[in-house]
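Written out below as structure tokens is the structure these notes cover.
Protein chains: 2
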Amino acid sequence: MNPFIEAKKSNGIIDVPGFQSVATSCDVRNKKDGRLDMALILSPTPCSAAGVFTKNAFKAAPVKLCQELLRVENKFHGIIVNSGNANACTGNRGMKDAWSMQFSAASACNTPPETFFVCSTGRIGELLPMQKIRNGIKDAAANLGSTKEHGLNSAKAILTSDTKEKIITVKVPYLQTPGKTHDLDYITISGIAKGAGMIQPNMATMLAFIATDADISKNLLQKILSEAVDLSFNRITVDGDMSTNDTVIILANGQSRIKISPTQSSLFHNFVLGVRHVCNVLANKIVSDGERITKVVEICVEGAKNKTDANRIARSIGNSLLVKTSWYGSDPNWGRILDAAGYSGASIQEEKLDLIYATPNGMIKQRSAPVITKGRYLLKNKKRWKDIVSKKRFSIIIKINLGKASYRLLSTDLSEAYVNFNKSE
Amino acid sequence: MNPFIEAKKSNGIIDVPGFQSVATSCDVRNKKDGRLDMALILSPTPCSAAGVFTKNAFKAAPVKLCQELLRVENKFHGIIVNSGNANACTGNRGMKDAWSMQFSAASACNTPPETFFVCSTGRIGELLPMQKIRNGIKDAAANLGSTKEHGLNSAKAILTSDTKEKIITVKVPYLQTPGKTHDLDYITISGIAKGAGMIQPNMATMLAFIATDADISKNLLQKILSEAVDLSFNRITVDGDMSTNDTVIILANGQSRIKISPTQSSLFHNFVLGVRHVCNVLANKIVSDGERITKVVEICVEGAKNKTDANRIARSIGNSLLVKTSWYGSDPNWGRILDAAGYSGASIQEEKLDLIYATPNGMIKQRSAPVITKGRYLLKNKKRWKDIVSKKRFSIIIKINLGKASYRLLSTDLSEAYVNFNKSE
Chain A
1 MNPFIEAKKS
11 NGIIDVPGFQ
21 SVATSCDVRN
31 KKDGRLDMAL
41 ILSPTPCSAA
51 GVFTKNAFKA
61 APVKLCQELL
71 RVENKFHGII
81 VNSGNANACT
91 GNRGMKDAWS
101 MQFSAASACN
111 TPPETFFVCS
121 TGRIGELLPM
131 QKIRNGIKDA
141 AANLGSTKEH
151 GLNSAKAILT
161 SDTKEKIITV
171 KVPYLQTPGK
181 THDLDYITIS
191 GIAKGAGMIQ
201 PNMATMLAFI
211 ATDADISKNL
221 LQKILSEAVD
231 LSFNRITVDG
241 DMSTNDTVII
251 LANGQSRIKI
261 SPTQSSLFHN
271 FVLGVRHVCN
281 VLANKIVSDG
291 ERITKVVEIC
301 VEGAKNKTDA
311 NRIARSIGNS
321 LLVKTSWYGS
331 DPNWGRILDA
341 AGYSGASIQE
351 EKLDLIYATP
361 NGMIKQRSAP
371 VITKGRYLLK
381 NKKRWKDIVS
391 KKRFSIIIKI
401 NLGKASYRLL
411 STDLSEAYVN
421 FNKSE
Chain B
1001 MNPFIEAKKS
1011 NGIIDVPGFQ
1021 SVATSCDVRN
1031 KKDGRLDMAL
1041 ILSPTPCSAA
1051 GVFTKNAFKA
1061 APVKLCQELL
1071 RVENKFHGII
1081 VNSGNANACT
1091 GNRGMKDAWS
1101 MQFSAASACN
1111 TPPETFFVCS
1121 TGRIGELLPM
1131 QKIRNGIKDA
1141 AANLGSTKEH
1151 GLNSAKAILT
1161 SDTKEKIITV
1171 KVPYLQTPGK
1181 THDLDYITIS
1191 GIAKGAGMIQ
1201 PNMATMLAFI
1211 ATDADISKNL
1221 LQKILSEAVD
1231 LSFNRITVDG
1241 DMSTNDTVII
1251 LANGQSRIKI
1261 SPTQSSLFHN
1271 FVLGVRHVCN
1281 VLANKIVSDG
1291 ERITKVVEIC
1301 VEGAKNKTDA
1311 NRIARSIGNS
1321 LLVKTSWYGS
1331 DPNWGRILDA
1341 AGYSGASIQE
1351 EKLDLIYATP
1361 NGMIKQRSAP
1371 VITKGRYLLK
1381 NKKRWKDIVS
1391 KKRFSIIIKI
1401 NLGKASYRLL
1411 STDLSEAYVN
1421 FNKSE
């Protein structure tokens, strides 16, 4: 049983005591359609914070700003984010605009200047319409609040071509006085995200913002977030492209007055699992809403020689055009899976290999159909493979049997609609 | 000027004195359509030989056979090849079938048993129809010859979903007595190939067979071929997938009585260039006939820190789904090119970078339109980018300006038709 409770209905960031948010429309896309394209998240109480960012050599201006901010500051008040323009590949002017967004947000919220994270997502290589952005920030700050509408609209404003909002809230219970259940208290963790998958021409980026009222140090929070991201957002792939703007930020305002430290092992453990669950659910929602996909496929590599090999095999399969197009056609084309595993560069021996198609763990009746057992092909299962691969969600288990390392990656199919969608602006 | 002459019209392998070939139909695909699906290449004079093979961990049975053959033998007589079935992922039975093909070919041609290379291309994971194969080999051996028809049909029989035969012949002139032009002699080099690009569902493999009448040792031939392959076939990509069967084999029967050795530096040099040209032309024909492509794009990385980095950047761009789909749409989406270069893992600095769209070298009026110069974007060139990217063939020059290493890769766009073509068997 999980040591946390997932809220049946999340309203996003405002579920966390002490957090306010708001969405507004600044017409960044210049379409005059009133679309929400800016969100402001504020905690009047100062927060500790942590972040994980794209490893792309070309980092967008706001990513550079956030990394610098985390390096030199210790107290943070919020996040200002716009969609429609990524402020990426915009040189010095882009940096100036990002700092200007930060300054405007802090000033409008009456907080010290360098306490706001800045994020942008959308087109690459175009300058932000700064007058609109500054007006939007003023308008947003004047309308901050904690209603359901405030929460849900903020989750909506960060989207680009996603088809739905991605939100989650969990509560981690905590007994203030062990044994006395009336002293039960909660730490709340909420997250919102926008999709990966280089979702539109010149649009990139996955963004995730997480808030919690736990009382936790910046360093510890960073450690927990980095691990959680590695186990969730780093294990999804839609098209294998890593954007210039990918960002995950967590803010902790301490308002629950429940202190998280590794010495309180049970609470610490439960909080870690809570953060991981939030990241996992958001990552799952992102991949399931991937660009023009029709299937989500879980690739489980087991028994690889080492972690690097397990990772390589999973990504080689999950990013192969031929594997992804065969999934799109519901074709149990195990030859292409082997081929992709074979060129991954990992240690692999045909005669030791097991390959299994399975319905995913979450399904009530787990069913599996072996394809290869110790390098021998079980052609009699052909119909069962086809049944499984025809589902909207299935798993591929590939046992290398050369060691103990494993890796799990969520991937998707590749459709003609993806190509059509991405072929031009 | 090239130190060799490219024949205006090549008839394939039979252009080389002493080589015979033939094509036949064994109905490997079981469609009873009379399609040519087997080729036999023979030199009654024993040859030295060299080969380059897939690096995929899963090697098809015939690939294993050829590698073993090259390791232990020194004299070779020919190649037996079928299309329609790759004899890959077929275990011990597949190995037995490959050896049986070799034995049948040698026996039908009255040569010692272990003198034939064996190649297969087509479906993965199905056993060869050995009775049909053996009958085909007998039939082929009985009809060997050196006419134009023999040559062209052999080039046709190895195809799978290629749309046309890929053949080339070059002649390398050699003055027997320096200064006396009536003593001019030639070394002939001919090649045939079938396409890369994982050309059909469950079809994989690029194959290239080269014949020459040069007199050259096995070791030297291997060195020349390995370098030529690295500069040609290893520098094309259609979908980034490397097959279980990729094979390049060269046979040299010595019938010109012109000996190639590194001490004869000018002849040696010219022969090396001749082999490279044959490989380059075949590689070019393969990528231009890639699966449902509409454009061929040359990616030239210059000034990278080292060779590995140059290679990584080129492949990261050439295999990016988002880059390839934007080419398909004639969209000069340089943001995606930078993004792909940025996640390649290579050293790269935005402020040092130059990016240029250009019409390819071969075109009479070379035109280029810079996109980025030292990290600064030249948006005024927008229309010229679009003009270039709309062509069927263009170049992307990316100057890293951090070192001296360069790499050139030929890639293609990615069309909706590719996805449709590959989605199922």
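Those sequence lines, one after another, are chains A and B. Going by our numbering, the letters in the first sequence line up with residues 1 to 425, in that order. Going by our numbering, the letters in the second sequence line up with residues 1001 to 1425, in that order. Note that beta-carbon positions come from the ideal geometry of N, C-alpha and C, so glycine has one too.
Contact check for Y1357 (chain B) and I1400 (chain B): beta-carbon distance about 17 Å, past the 8 Å limit, so the pair fails to qualify.
Nearest to G1254 (chain B) by C-alpha distance, out of B:K1008, B:H1077, B:K1059 and B:A1061, is B:H1077. Within the same chain, E291 and R292 come within 6 Å of Y418 (chain A) by CB-CB distance, once the 5 residues on both sides are set aside.
E302 (chain A) is bridged by DSSP to A:K399. Under DSSP, the beta-bridge partners assigned to T1024 (chain B) are B:M1038.
Boundaries of the beta strand (DSSP E) around N1085 (chain B): F1076 to N1085. For S316 (chain A), no beta strand (DSSP E) encloses it; the enclosing alpha helix (DSSP H) starts and ends at K307 to G318.
If you check each beta-carbon in the stretch 1032–1060 of chain B against every beta-carbon of chain A, the ones closer than 9 Å belong to T1054, K1055, N1056, A1057, F1058 and K1059. In the displayed model, A1208 (chain B) falls within a strand according to three-state DSSP. Taking C-beta atoms under 8 Å as the contact rule, F1271 (chain B) and V1248 (chain B) fail to qualify, at a distance of about 17 Å. In the DSSP annotation of this structure, the continuous segment of the alpha helix (DSSP H) that includes F271 (chain A) starts and ends at S265 to S288. In this chain, the beta strand (DSSP E) harbouring P173 (chain A) covers K166 to L175. Look at Y1343 (chain B) here: in three-state DSSP terms it is coil, with no helix or strand label. Our two residues, K1009 (chain B) and L1378 (chain B), have alpha carbons roughly 45 Å apart in a direct line. Judged by DSSP secondary structure, G1151 (chain B) falls within the alpha helix (DSSP H) whose first and last residues are K1148 to A1157.
Below the 8 Å Cβ cutoff, chain B contributes no neighbours of K399 (chain A), its closest Cβ being approximately 15 Å away. Of all residues in the stretch 1321–1344 of chain B, those with a C-beta nearer than 9 Å to a C-beta of chain A are L1321, L1322, V1323, K1324, T1325, S1326, W1327, Y1328, G1329, S1330, D1331, N1333, W1334, G1335, R1336, L1338, D1339, A1340, A1341, G1342, Y1343 and S1344, reading in chain order. By the neighbour-count criterion, in which 16 or more other beta carbons inside 10 Å mark a residue as buried, N219 (chain A) falls on the exposed side. Only residues of its own chain outside the window of five on either side were considered, and among them E1227, A1228, L1231 and S1232 have a CB closer than 8 Å to the CB of R1276 (chain B), listed in chain order. Inter-residue distance for L1065 (chain B) and F1117 (chain B) is about 8 Å (C-alpha atoms, whole angstroms).
D1183 (chain B) is classed as exposed because its beta carbon has fewer than 16 other beta carbons within 10 Å across all chains shown. For P1370 (chain B), the uninterrupted beta strand (DSSP E) run begins and ends at S1368 to T1373, by DSSP.
The count of Cβ pairs closer than 8 Å, one atom from the stretch 80–90 of chain A and one from the stretch 25–34 of chain A, reaches three, so the stretches are in contact.
L1414 (chain B) has a beta carbon lying within less than 8 Å of a beta carbon in chain A. Two segments are said to touch when three or more pairs of C-beta atoms, one from each, lie closer than 8 Å; by this definition the stretch 1156–1176 of chain B touches the stretch 1281–1289 of chain B. As the crow flies, the alpha-carbon of C1109 (chain B) is around 37 Å from that of T1237 (chain B). The C-beta separation of K305 (chain A) from L410 (chain A) comes to about 23 Å, leaving the pair out of contact by the 8 Å criterion. Listed by position along chain B, the residues whose Cβ is nearer than 8 Å to that of S243 (chain A) are D1339.
Distance from the CA of R1093 (chain B) to the CA of L1127 (chain B), rounded to the nearest whole angstrom, comes to 8 Å.
For R29 (chain A), the nearest beta carbon of chain B is not closer than 8 Å to its own beta carbon. Here S120 (chain A) is buried, its C-beta having at least 16 other C-beta atoms within 10 Å.
Listed in chain order, the non-local C-beta contacts of S347 (chain A) below 7 Å within the same chain comprise K305, D309 and L402, local neighbours out to five positions each way being set aside. Within chain A, the residues placing a beta-carbon under 8 Å from that of R1376 (chain B) are G91, ordered along the chain.
Looking from the CA of G1145 (chain B), the closest CA among B:F1019, B:G1303 and B:G1274 belongs to B:F1019. S154 (chain A) and L207 (chain A) have their C-alpha atoms some 13 Å from each other. The continuous beta strand (DSSP E) containing T188 (chain A) extends over residues L184 to K194.
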